[in-house]
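For the sequence shown, the residue numbers in this note's numbering are 26 to 215. Here a beta-carbon is modelled for each residue, glycine too, at the ideal position from N, C-alpha and C. Before any comments, here is the structure.
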Amino acid sequence: MRALLLLSLLLAGCASERVILLPDAQGKVGKILVSRGSDQALLDSAYGTAEIGSLSLEAKPGEAEKLREQYRAQLDGLPPRPLSYILYFLDDSDDLTADSAKQAPAILAEISARPAAELVVIGHTDRMGSQTYNDLLSLQRAKAIRDQLIALGFDESRLRYAGRGEREPLVTTADEVSEARNRRVEINVR
């Protein structure tokens, strides 16, 4: 997930450049230092703006609504923000838990509504069983979700899937310990 999005726009008819710091989906921003020669301006608030002229550098707070209106076409042209989902599986199975089975149709429909998106589906297991067995099971879980997406019409060429076995747990456990939160598939949508 990206922490901040930086939009640098060249103003038409001017010999200046404008840098605008945009917030992420949760409204949070990071910081960026804009430099021109020995001049520097720190942008650290949503819609903070730096004007870079041929002889100057000026930072000022941005006016969100005014900037959104002024750059509507550019903002509308940005790709959709990445999405991440997690679906959980029953022990020693490629069947979803009841809760995940209820959530899956809405998640899969939302993903299918982004036909140009690229997906990475990654299967995981807990530490019960051998590493070889868990590698196969995690791949089966990822493939099960992949097959559902393809059945809904998602373009197979934009979808990658892999199994990571027990290598990347959400919850660290000893070997041969069952942990429901590690029996999952992560779906990353870009």
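Asked	Found
So with Cβ pairs under 9 Å, would you call ARG171 a contact of chain D?	In summary, chain D is missing from the structure at hand, where a single protein chain is found.
Between which two residues does the alpha helix (DSSP H) holding ASN159 run?	156–176
What three-state label does DSSP hand LYS85 in the structure shown?	strand
Is VAL146 near LEU174, with beta carbons less than 9 Å apart?	yes
Identify, in the order they occur along the chain, each residue of the same chain with its Cβ nearer than 6 Å to the Cβ of GLU211, setting aside the five sequence neighbours on each side.	ILE111 and ILE147
Under the rule that 16 or more other beta-carbon atoms within 10 Å means buried, what is VAL54, buried or exposed?	buried
With which residues is GLY188 paired in a DSSP beta bridge?	GLY148
Assign GLU88 to buried or exposed, taking buried as 16 or more other Cβ atoms, counted over all protein chains shown, within 10 Å of its Cβ.	exposed
Just how far apart, CA to CA, sit LEU161 and LEU103?	38 Å
If we count Cβ pairs, one from each stretch, closer than 8 Å, do we get three or more for the segment 156–170 versus the segment 185–195?	yes
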